[in-house]
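FYI, in full-length UniProt numbering the residues of the sequence shown are 1 to 328.
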Amino acid sequence: MNPPSPRLRLALVVTAVLLLASGSLGYVLHARHRERPPAQGSDASFTVEEPGLYFRDSAGGRIARQDGPGRPRVTGGPSCDRFHTAGGHALCLRSLPGVPARTEALVLDRRLREVRKVTVPGIPNRARVSASGQVLSWTTFTTGDSYNTAAFSTRTAILDLRTGYLVKSIEQIPLTFGGARHHDSDVNYWGVTFAADDNRFYATVSTRGATHLVEGDLRAWSAKALRENAECPSLSPDGTRVAFKKKVSDAPRSPWRLYVLDLATMREHPAAEPHGVDDQAAWLDDATLAYALPGRDGRASDIWTAPADGTGEPRLLVPGGSSPANVG
Numbered sequence: 001m002n003p004p005s006p007r008l009r010l011a012l013v014v015t016a017v018l019l020l021a022s023g024s025l026g027y028v029l030h031a032r033h034r035e036r037p038p039a040q041g042s043d044a045s046f047t048v049e050e051p052g053l054y055f056r057d058s059a060g061g062r063i064a065r066q067d068g069p070g071r072p073r074v075t076g077g078p079s080c081d082r083f084h085t086a087g088g089h090a091l092c093l094r095s096l097p098g099v100p101a102r103t104e105a106l107v108l109d110r111r112l113r114e115v116r117k118v119t120v121p122g123i124p125n126r127a128r129v130s131a132s133g134q135v136l137s138w139t140t141f142t143t144g145d146s147y148n149t150a151a152f153s154t155r156t157a158i159l160d161l162r163t164g165y166l167v168k169s170i171e172q173i174p175l176t177f178g179g180a181r182h183h184d185s186d187v188n189y190w191g192v193t194f195a196a197d198d199n200r201f202y203a204t205v206s207t208r209g210a211t212h213l214v215e216g217d218l219r220a221w222s223a224k225a226l227r228e229n230a231e232c233p234s235l236s237p238d239g240t241r242v243a244f245k246k247k248v249s250d251a252p253r254s255p256w257r258l259y260v261l262d263l264a265t266m267r268e269h270p271a272a273e274p275h276g277v278d279d280q281a282a283w284l285d286d287a288t289l290a291y292a293l294p295g296r297d298g299r300a301s302d303i304w305t306a307p308a309d310g311t312g313e314p315r316l317l318v319p320g321g322s323s324p325a326n327v328g
C-alpha cells in the first residue's frame with residue numbers, strides 16, 4: 001500500500017483538529033449549561049420536575065409546591081410576583097425597583113436555571129406557558145394598576161422558544177370583528193392562553209369601552225373577536241372550554257364572576273364561586289378550576305378550587321397562595 005500523499009495527510013490533520021475543536025466546544029457549552037446556577041433566590045434542590053401544584057407563597061413571595069390537598073408545602077423556589085409553569089419551562093415575573101415601573105420576565109428551565117431574561121415596562125400582571133413549554137406570554141400594566149378603571153394600559157408579549165422570536169407587544173396584530181378589520185388606538189390585550197398546537201391562542205382585547213374574547217393565530221398573525229364581556233381566558237386541557245371572568249356588576253373592587261364557555265356551542269355558565277374573581281384561572285384537570293381570592297386572616301390571597309361544570313361548592317386549596325399551576 002502506498003503512503004498517503006502530502007495533500008491527503010494535510011486534509012486528515014485539518015479534519016482531526018476540527019473534530020477535536022468541535023468536541024471541546026460542545027463539552028464547554030454542555031458544562032456551562034450543566035453548571036448554570038438556579039434563578040436568584042431559588043434553592044438548588046427546588047425544581048419544577050416533580051408533580052404537584054406550584055404557586056406563589058404569599059408569606060415570602062417565593063414559589064412553593066404542594067403535592068396534594070392538605071399536604072405540607074415544599075418551599076425553595078425563586079421570588080416572583082407572577083408565575084406559571086408547564087412543559088418543563090417556567091415563567092417568573094418580578095417587579096424591578098425604581099421609577100418608572102419595570103418588570104423582569106425570567107424564562108427558566110425545569111431546574112429553574114435561567115434560559116432568557118427580558119426587561120419590559122410596567123407592573124407584573126399575567127403569566128402563561130403553553131402545555132409544551134415552548135411558547136410563553138406575559139402582560140404588564142404600563143398605566144394604572146387595575147382593569148376596573150378607565151385609566152389603564154397593558155402590554156402583552158409572546159415569546160417562542162423554538163425560534164427565539166419575541167413579540168414585545170401584540171397590539172399590532174390584525175384584528176377583526178365580524179370579519180371587518182378593526183382599527184383603534186385604544187386597543188389593549190392581556191391574559192393570553194395557548195392551545196395544544198402552540199399556534200392558536202385566546203386573549204382579552206379591550207377597545208371602545210368593552211372587552212372581548214379573541215382567538216388568535218400565530219402563524220397567520222391574525223386575531224378575531226368571538227364574544228363580548230370576557231376577560232383573562234384560560235383554555236381547558238382538552239381545548240374545548242375557556243374559563244374567564246365576566247363583569248356582572250359595577251362593584252368598585254371586584255365586579256367579575258368566574259364563568260366557563262363551551263367553544264363549540266358558545267354557551268356559558270357560571271362556576272359555583274359566588275365571590276368576585278379578579279384572576280386568570282388555572283385548570284387542575286379537565287373538570288376543575290383553581291383561582292386566587294383575597295385572603296382571610298390578613299393574607300394577601302388564597303387559592304380556591306371549584307368544579308368547571310358549575311356544580312358543587314368552592315373549596316379552599318392553598319391558604320396564602322396565588323399563581324397556581326398544576327404539573328401532572
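Even for Gly, the Cβ is constructed at its ideal location relative to N, Cα and C.
Note that the structure is predicted; figures quoted are calculated from it, not measured.
Span separating the alpha-carbon of H269 from that of V260:
So the alpha carbons of these two residues sit roughly 6 Å apart.
Suppose you measure from the CA of F194 to the CA of A127; what does that come to, to the nearest Å?
Straight-line Cα distance between these residues: approximately 11 Å.
Based on Cα-Cα distance, which residue from G87, V99 and F46 lies nearest to S79?
F46
Rounded to whole angstroms, what is the Cα-Cα separation between V135 and D160?
5 Å
Do you know how far the Cα of T156 is from the Cα of Q172?
Approximately 11 Å, taken between the alpha carbons.
Can a CB atom of chain C be found closer than 8 Å to the CB of T305?
The structure shown contains no chain C; it holds only a single protein chain.
Who pairs with D309 in a beta bridge, going by DSSP?
According to DSSP, D309 bridges with nothing at all.
Taking the beta carbon of G68 as the centre, do at least 16 other beta carbons fall within 10 Å, making it buried, or is it exposed?
exposed
With a Cβ-Cβ cutoff of 8 Å, do A203 and W190 count as a contact?
Result yes, Cβ atoms of A203 and W190 sit closer than 8 Å.
Cα separation between P274 and S254?
12 Å
Going along the chain, which residues of its own chain have a beta-carbon closer than 6 Å to the beta-carbon of S249, five neighbours each way excluded?
Excluding positions up to five away in sequence, the list reads P255.
Determine the direct distance from the alpha carbon of P252 to that of Y165, and round the result to whole angstroms.
39 Å
State yes or no: is the C-beta of P121 within less than 8 Å of the C-beta of P100?
yes
Once you ignore the five residues that flank H30 on each side, which residues in its own chain have a CB closer than 8 Å to its CB?
Here the model assigns H30 a pLDDT of 39, short of 50, so the residue's position is not dependable and the matter cannot be decided.
Start and end of the beta strand (DSSP E) containing A220?
Looking at the DSSP string, A220 is not in any beta strand (DSSP E), and its letter there is neither H nor E.
Counting C-beta neighbours from all protein chains within 10 Å, is the total for P314 16 or more, i.e. buried, or is it exposed?
buried
What's the gap between the Cα of L218 and the Cα of D278?
27 Å
With H, G and I counted as helix, E and B as strand and the rest as coil, what does DSSP make of Q66?
strand
Inter-residue spacing [alpha-carbon to alpha-carbon] between T300 and D186:
Before going on, a small fix: residue 300 reads as Ala here, not Thr. Using only the alpha carbons, I get a separation of about 32 Å.
Work out the CA separation of T240 and A290 for me, nearest whole Å.
In a straight line, the C-alpha of A290 is about 17 Å away from that of T240.
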